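**Student:** Heads up, the sequence shown is in my numbering, so the first residue is 30 and it goes up one at a time.
Don't be surprised by glycine CBs; every beta carbon is placed ideally from N, CA and C.
Everything numeric in this text was worked out from a predicted model, so none of it was measured.
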Amino acid sequence: MNGSTVNLAADYPLLQVFWTTMWFFLWILWFMLLFRVIGDIFRDDDLNGWGKAGWCVFVVILPFLGIFVYLIARGRGMGEREMRRMQKSQEDMNAYIRETAGTTGKADELAKLADLKNHGHITAEEFERAKAKVLAA
Numbered sequence: 030m031n032g033s034t035v036n037l038a039a040d041y042p043l044l045q046v047f048w049t050t051m052w053f054f055l056w057i058l059w060f061m062l063l064f065r066v067i068g069d070i071f072r073d074d075d076l077n078g079w080g081k082a083g084w085c086v087f088v089v090i091l092p093f094l095g096i097f098v099y100l101i102a103r104g105r106g107m108g109e110r111e112m113r114r115m116q117k118s119q120e121d122m123n124a125y126i127r128e129t130a131g132t133t134g135k136a137d138e139l140a141k142l143a144d145l146k147n148h149g150h151i152t153a154e155e156f157e158r159a160k161a162k163v164l165a166a
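1) Cβ atoms of V89 and Y99: under 9 angstroms apart, would you say?
2) Using 10 angstroms around the beta-carbon of V168, count the other beta-carbons present and answer buried if the total reaches 16, otherwise exposed.
3) Thinking just about the alpha-carbon of each residue, which of A102, Y125, L164 and Y41 is nearest to the one in D69?
4) Whose C-alpha, out of K81, L62 and L63, is nearest the C-alpha of F71?
5) Taking the continuous alpha helix (DSSP H) assigned at L44, which residues delimit it?
6) Excluding the 5 residues preceding and the 5 following K160 in the sequence, name in chain order all residues of the same chain whose CB lies nearer than 7 angstroms to its CB.
7) To the nearest angstrom, report how far apart P92 and L164 are at their CA atoms.
8) What residue range is occupied by the uninterrupted alpha helix (DSSP H) comprising I90?
9) Less than 8 angstroms between the CB atoms is what I'm expecting for I96 and L63, so what's the real figure, rounded?
10) So, with DSSP's three-state summary, where would you put D137?
Dropping the structure here:
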């Protein structure tokens with residue numbers, strides 16, 4: 030250790046810790062923006078293949094400038110496209126739930142019809158007609 034110094038954690042000033050932490054989180058933020066922008070480029074149905082390729086090249090070759098220009102030029106549309114995608118997803122889920130619940134709804138109706146027939150409230154012919162209606166729906 031002749032003439033060399035050893036840096037200990039205690040020798041790292043608090044302001045340096047702050048700056049290092051800030052740069053680290055800015056780096057992570059930039060990667061999040063990069064992935065968000067590239068995902069939006071590929072999900073956008075309004076862009077043709079050449080437009081998508083052009084934006085990808087711009088974002089990859091000049092990353093900081095590319096992302097900032099994309100956010101300025103198409104940033105408002107990003108939110109609208111995300112909102113449409115979420116609404117479509119919600120509608121698909123609701124349709125699936127209705128479809129699935131509808132199947133058990135038929136079973137419940139048939140059980141009620143059978144109960145009405147068993148208690149003598151409807152005749153066998155009425156039961157068969159109602160059952161055919163439920164199964165046809």
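**Tutor:** Checking against the coordinates, here is how it stands:
1) Counting from 1 along the sequence shown, the entry for residue 99 is found at position 70. Counting from 1 along the sequence shown, the entry for residue 89 is found at position 60. Not closer than 9 angstroms, so no.
2) One cannot answer for residue 168 here, as it falls past the ends of the chain, which runs 30 to 166.
3) Residue numbering aside, residue 69 sits at position 40 when the sequence shown is read from its first letter. That would be A102, whose Cα lies nearest to the Cα of D69.
4) In the sequence shown, residue 71 corresponds to position 42, counting from 1. Cα-wise, what sits closest to F71 is K81.
5) If you number the sequence shown from 1, residue 44 lands on position 15. Taken as a continuous stretch (DSSP letters only), the alpha helix (DSSP H) holding L44 covers L43 to R72.
6) Here residue 160 refers to the residue found at position 131 of the sequence shown. The answer, listed in chain order, is L139 and L142.
7) The count along the sequence shown starts at 1 and reaches residue 92 at position 63. The count along the sequence shown starts at 1 and reaches residue 164 at position 135. Each residue's alpha carbon lies about 59 angstroms from the other.
8) Translated into positions along the sequence shown, residue 90 becomes position 61. Residues G78 to I90.
9) The residue you call residue 96 lines up with position 67 of the sequence shown. The residue you call residue 63 lines up with position 34 of the sequence shown. Yes, they are in contact, since the Cβ atoms of I96 and L63 sit about 6 angstroms apart, within 8 angstroms.
10) One-based indexing of the sequence shown puts residue 137 at position 108. Helix, per DSSP.
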